[in-house]
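0 is the number of the first residue of the sequence shown in numbering that gives the first Met the number 0; add one for each residue after it.
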Amino acid sequence: MPSLVVVSGPNEGAYYPMGQRTVVIGRDESCPIQIVDDLVSRKHVQIRFDASSNDYIATDMKSANGLLVNGRRIEGEITLVDGDAIEIGKSRINYYTGDFADRDSAWAHYKQRGQKFKNTLES
């Protein structure tokens, strides 16, 4: 089952299994995924399951500071693929298609995959 892992920002370490549902990420306390950050709109991004294509679609909800996916600004919507980095405010949320047993296994997967971005030499 696809999931979201918050890899940086105020909610770092949070894990959200998606299921086949729609979630809204934002600052508002009514959002299924709430991120308390002044740079995040009340309702910032919607991620929904599209049963016809079996894909998850991220849609910017006309947020004030925009939505970035893999460093690229998204004006409308985008189909998510494994490993996509969703950036809103000071937070980065990775999307994974893998099936994780729990938060710890999802976080371990992120850390293992993230090794390719680390420097190998100490300054």
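Quick reminder that beta carbons are idealized off the backbone N, C-alpha and C, glycines included.
Given that a residue counts as buried once 16 or more other Cβ atoms are within 10 Å of its Cβ, and exposed if not, what is N93?
-> N93 counts as buried, since no fewer than 16 other beta carbons sit within 10 angstroms of its beta carbon.
Could you give the distance in angstroms between the alpha-carbon of I85 and the alpha-carbon of S51?
-> Taking the Cα positions, I85 is about 23 Å away from S51.
Hey, how far is the Cα of E121 from the Cα of Y109?
-> A caution first: E121 carries a pLDDT of 45, below 50, which makes its placement in the model unreliable, though a value can still be read off. About 22 Å.
By how many angstroms is the C-alpha of N53 removed from the C-alpha of D101?
-> About 23 Å.
Apply the 10 Å Cβ neighbour rule to I6 and answer buried if 16 or more other Cβ atoms are within range, or exposed otherwise.
-> Sequence inspection shows Val at residue 6; the Ile mentioned does not correspond to that position. Buried is the call here.
Return yes when the Cβ of V44 is within less than 8 Å of the Cβ of D27, no when it is not.
-> Contact: no.
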